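Some notes on the structure that comes next.
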Amino acid sequence: MPEAAGIIIDIVRGLIERRGDVPPEIHDASTIGDDLGLDSLDLAELSAALEDRFGRDPYTAGIVPSTVGELTAYFA
Amino acid sequence: MPIAILRDAARAHPDRPAVVAGGRTVTYAQLVARSDALAARLRARGIDRCAIAVADRIDAIALLAAASAAGVEACVYPATLDAADIAAHADRFAHDTVVVDDDPTAARGPQAPDPAVLVATEGAGRRGPAGPGATEGAGPRRPDTGVGDRPILLPLADLETGSTDAATVGGVGAGTADAAHAPLLVLTTGTTGAPKGVRHDWSRLAAGVHGTPVADGDRWLLAYNLNQFGGLQVLLHALAHHGTVVVPRSSHAADVLDALRRERVTHLSGTPTFWRIVVGGLAPGDVDGLELRQITLGGEPVPDRLLERIAGLFPTARITHVYAATEAGTVVAVSDGRAGLPTTVLDRDEDASVRLRVADGELHVRTPITVAPGDGPDDGWLATGDLVEERDGRLRFVGRTVEIINVGGAKVHPLPIEERILAVDGVDAAAVHGSPNPVTGQIVAVDVVTAPGAEEDAVRTAIQRACADLPAPGRPRRIRFVDELRIRGDKVVRNPNGESS
Numbered sequence: 002m003p004e005a006a007g008i009i010i011d012i013v014r015g016l017i018e019r020r021g022d023v024p025p026e027i028h029d030a031s032t033i034g035d036d037l038g039l040d041s042l043d044l045a046e047l048s049a050a051l052e053d054r055f056g057r058d059p060y061t062a063g064i065v066p067s068t069v070g071e072l073t074a075y076f077a
Numbered sequence: 006m007p008i009a010i011l012r013d014a015a016r017a018h019p020d021r022p023a024v025v026a027g028g029r030t031v032t033y034a035q036l037v038a039r040s041d042a043l044a045a046r047l048r049a050r051g052i053d054r055c056a057i058a059v060a061d062r063i064d065a066i067a068l069l070a071a072a073s074a075a076g077v078e079a080c081v082y083p084a085t086l087d088a089a090d091i092a093a094h095a096d097r098f099a100h101d102t103v104v105v106d107d108d109p110t111a112a113r114g115p116q117a118p119d120p121a122v123l124v125a126t127e128g129a130g131r132r133g134p135a136g137p138g139a140t141e142g143a144g145p146r147r148p149d150t151g152v153g154d155r156p157i158l159l160p161l162a163d164l165e166t167g168s169t170d171a172a173t174v175g176g177v178g179a180g181t182a183d184a185a186h187a188p189l190l191v192l193t194t195g196t197t198g199a200p201k202g203v204r205h206d207w208s209r210l211a212a213g214v215h216g217t218p219v220a221d222g223d224r225w226l227l228a229y230n231l232n233q234f235g236g237l238q239v240l241l242h243a244l245a246h247h248g249t250v251v252v253p254r255s256s257h258a259a260d261v262l263d264a265l266r267r268e269r270v271t272h273l274s275g276t277p278t279f280w281r282i283v284v285g286g287l288a289p290g291d292v293d294g295l296e297l298r299q300i301t302l303g304g305e306p307v308p309d310r311l312l313e314r315i316a317g318l319f320p321t322a323r324i325t326h327v328y329a330a331t332e333a334g335t336v337v338a339v340s341d342g343r344a345g346l347p348t349t350v351l352d353r354d355e356d357a358s359v360r361l362r363v364a365d366g367e368l369h370v371r372t373p374i375t376v377a378p379g380d381g382p383d384d385g386w387l388a389t390g391d392l393v394e395e396r397d398g399r400l401r402f403v404g405r406t407v408e409i410i411n412v413g414g415a416k417v418h419p420l421p422i423e424e425r426i427l428a429v430d431g432v433d434a435a436a437v438h439g440s441p442n443p444v445t446g447q448i449v450a451v452d453v454v455t456a457p458g459a460e461e462d463a464v465r466t467a468i469q470r471a472c473a474d475l476p477a478p479g480r481p482r483r484i485r486f487v488d489e490l491r492i493r494g495d496k497v498v499r500n501p502n503g504e505s506s
């Protein structure tokens with residue numbers, strides 16, 4: 002579902018920009034913690050944003066994706 | 006107790022309007038006469054406690070005065086209750102009698118008919134006149150509620166035309182309370198859960214009303230409902246000053262402005278939420294010719310920005326914000342133009358009638374209403390649930406204990422965040438609250454009403470920027486744009502999910 006992937010990447014990019022960093026290139030293998038540097042509050046916000054956008058999110062379902070690919074696959 | 010105030014005013018000014026509502030005017034002499042007649046009938050029916058659920062505030066005032074004259078404990082229910090809510094309230098507060106409108110199908114006075122009563126009457130009707138316990142024609146009706154046999158719905162018309170002969174209805178023992186100390190049950194707003202009932206006595210409430218009657222009579226707008234502590238305070242103040250109570254058609258800005266202008270209102274008291282709605286709808290020139298002399302805010306913390314806005318609109322009016330609680334009465338009134346309370350309120354002597362202290366960030370108060378007979382100086386303290394921080398010589402309200410947002414273990418107070426957001430251009434109203442979250446338990450969320458013409462994406466970015474220097478857990482993580490905030494009793498409801506959130 003490439004459209005969902007694009008939306009998710011935009012949300013992630015927004016989180017990184019808001020903390021004052023320049024977002025790296027984001028691809029499926031990017032790790033959410035190490036590569037993108039999202040902390041638990043960022044994940045909390047990501048979870049809320051995904052729920053608002055898609056009506057569901059992996060974190061509420063008890064899944065904690067470690068890569069962007071795993072995250073977007075949840076919505077595929 | 007209001008009956009004594011009413012009699013006093015009626016002696017001095019029998020023909021002065023006591024209440025103006027929806028084009029109707031009731032003079033002090035008329036109000037006293039009606040209240041006395043109602044009091045006699047309450048006694049004759051043997052009623053010693055009653056709830057009041059009538060839509061018209063002139064009726065409600067007369068019933069309150071009648072109850073106090075008869076020594077009957079009165080309790081005004083919120084105007085928005087439906088039949089099931091009335092039954093639930095009656096059950097919760099053990100009310101056997103609820104006085105309701107006589108003709109629920111007709112609009113009475115300035116307010117729409119109470120839908121609650123409509124439904125209640127239909128419920129009784131569905132059971133049919135031959136059903137068990139049903140009464141035909143005039144007379145008490147029991148709603149088909151399924152919560153026991155409470156309450157008896159007593160139409161006001163039946164009460165007004167009923168007998169005053171106690172023997173005919175077997176009434177005994179009504180009005181056993183000393184009329185001067187007639188109790189009053191006041192329900193809390195319940196913005197943070199189910200309402201609680203707090204028993205007051207009129208004489209203690211009235212003891213906090215200072216001032217002397219003025220020659221030409223002040224005119225007080227009753228912007229609160231009479232089930233609210235603020236509404237009772239306005240009523241007591243207006244009557245004690247032999248003034249006139251003006252009831253607006255609704256609390257919408259246009260109706261409030263219309264009442265202010267038409268009745269030349271001098272005193273206006275409301276919650277900050279009420280004031281925000283009123284001043285938010287003002288266009289330049291709208292306030293020209295208004296005669297407001299005293300502006301009062303209470304019931305919620307007052308932000309600096311709102312005080313400044315009101316002062317700018319009404320430069321000659323005295324502006325007071327009152328810290329009060331249903332359980333404690335009026336605690337402090339501040340008129341120095343700044344938000345929060347001066348920290349000097351904490352320095353009062355042990356024998357002061359009202360004292361304040363802070364414990365674990367929570368404000369505790371001790372007032373004549375919280376103190377029981379025999380209490381020592383360390384007894385009778387009430388934990389208010391209001392959290393404060395000391396800043397610049399002021400106690401600033403930062404939230405309620407039940408409103409604390411727990412973000413991954415960090416305790417976050419909503420109000421300082423809300424004040425920042427309210428200062429953002431394009432934001433008309435905002436309510437910060439905790440939103441459940443699978444990662445951190447809760448996150449800070451905010452519901453925002455934008456100003457006309459404001460662009461949501463730009464407002465979102467501006468809010469994020471305004472909160473960027475807050476500690477990370479305190480930054481709003483979920484910003485939602487809504488048409489209006491949830492408001493109950495003219496106060497913002499911050500935990501929309503109820504007590505559990």
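These protein sequences, in sequence, are chains A and B. Residue 2 is where the first sequence starts when you use the working numbering, and the numbers rise one by one after that. Residue 6 is where the second sequence starts when you use the working numbering, and the numbers rise one by one after that. The C-beta atom is built at its ideal place from N, Cα and C for all residues, glycine as well. Just so you know, these numbers come straight off a predicted model, no measurement behind them.
If you run the structure through DSSP and keep just helix, strand and coil, what is residue i?
| i | result |
| --- | --- |
| GLY334 of chain B | strand |
| LEU287 of chain B | coil |
| HIS438 of chain B | strand |
| GLU424 of chain B | helix |
| GLU78 of chain B | strand |
| GLU394 of chain B | strand |
| PHE76 of chain A | coil |
| ALA467 of chain B | helix |
| PHE55 of chain A | helix |
| PRO478 of chain B | helix |
| ILE10 of chain B | helix |
| TRP225 of chain B | strand |
| ALA188 of chain B | It is worth fixing the name first, because residue 188 of chain B is Pro in this sequence and not Ala. Strand at PRO188 of chain B. |
| LEU346 of chain B | strand |
Within 8 Å (strictly less), CB to CB, does residue i reach chain A?
| i | result |
| --- | --- |
| GLY413 of chain B | yes |
| ALA477 of chain B | yes |
| ARG483 of chain B | yes |
| GLN35 of chain B | no |
| GLN469 of chain B | yes |
Taking only beta-carbon positions, decide if residue i is within less than 8 Å of chain B.
| i | result |
| --- | --- |
| LEU51 of chain A | no |
| GLU4 of chain A | no |
Cα separation between residue i and residue j?
| i | j | result |
| --- | --- | --- |
| GLN469 of chain B | ILE157 of chain B | 54 Å |
| GLN35 of chain B | ASP163 of chain B | 19 Å |
| ARG485 of chain B | ALA44 of chain B | 51 Å |
| ALA77 of chain A | ALA5 of chain A | 8 Å |
| ALA357 of chain B | VAL370 of chain B | 12 Å |
| ASP495 of chain B | ILE27 of chain A | 48 Å |
| VAL327 of chain B | ASP391 of chain B | 14 Å |
| GLU460 of chain B | ASP433 of chain B | 12 Å |
| ILE10 of chain B | GLY286 of chain B | 36 Å |
| GLY144 of chain B | VAL103 of chain B | With a pLDDT of 43 at GLY144 of chain B, under the threshold of 50, the modelled position of that residue is not reliable, and no figure is offered here. |
| LEU295 of chain B | THR276 of chain B | 20 Å |
| ASP35 of chain A | PRO66 of chain A | 13 Å |
| LEU361 of chain B | PRO378 of chain B | 19 Å |
| GLY446 of chain B | ARG499 of chain B | 17 Å |
| ARG405 of chain B | HIS418 of chain B | 8 Å |
| VAL339 of chain B | ARG399 of chain B | 11 Å |
| THR249 of chain B | ILE324 of chain B | 20 Å |
| HIS100 of chain B | ALA58 of chain B | 12 Å |
| GLU424 of chain B | PRO308 of chain B | 7 Å |
| ASP221 of chain B | GLN238 of chain B | 21 Å |
| SER255 of chain B | VAL283 of chain B | 11 Å |
Is residue i close to the ligand SAM? I mean its beta-carbon at under 7 Å from any heavy atom of the ligand.
| i | result |
| --- | --- |
| ASP384 of chain B | The ligand SAM is not part of the structure shown, which contains no ligands of any sort. |
Contacting positions in the segment 431–453 of chain B - beta carbon closer than 8 Å to chain A: SER440, ASN442, PRO443, VAL444, THR445, ILE448 and ALA450
Contact list for the segment 11–41 of chain A against chain B, Cβ threshold 7 Å: ARG19 and SER41
Residues within the segment 65–76 of chain A neighbouring chain B, beta-carbon criterion of under 7 Å: none
Every unbroken alpha helix (DSSP H) inside the segment 32–90 of chain B [4 residues or more]: 33–49 and 62–75
Whole runs of the beta strand (DSSP E) within the segment 230–261 of chain B, excluding any shorter than 3 residues: 249–252
Alpha helix (DSSP H) runs contained entirely in the segment 262–325 of chain B, provided each spans 4 or more residues: 277–285 and 309–318
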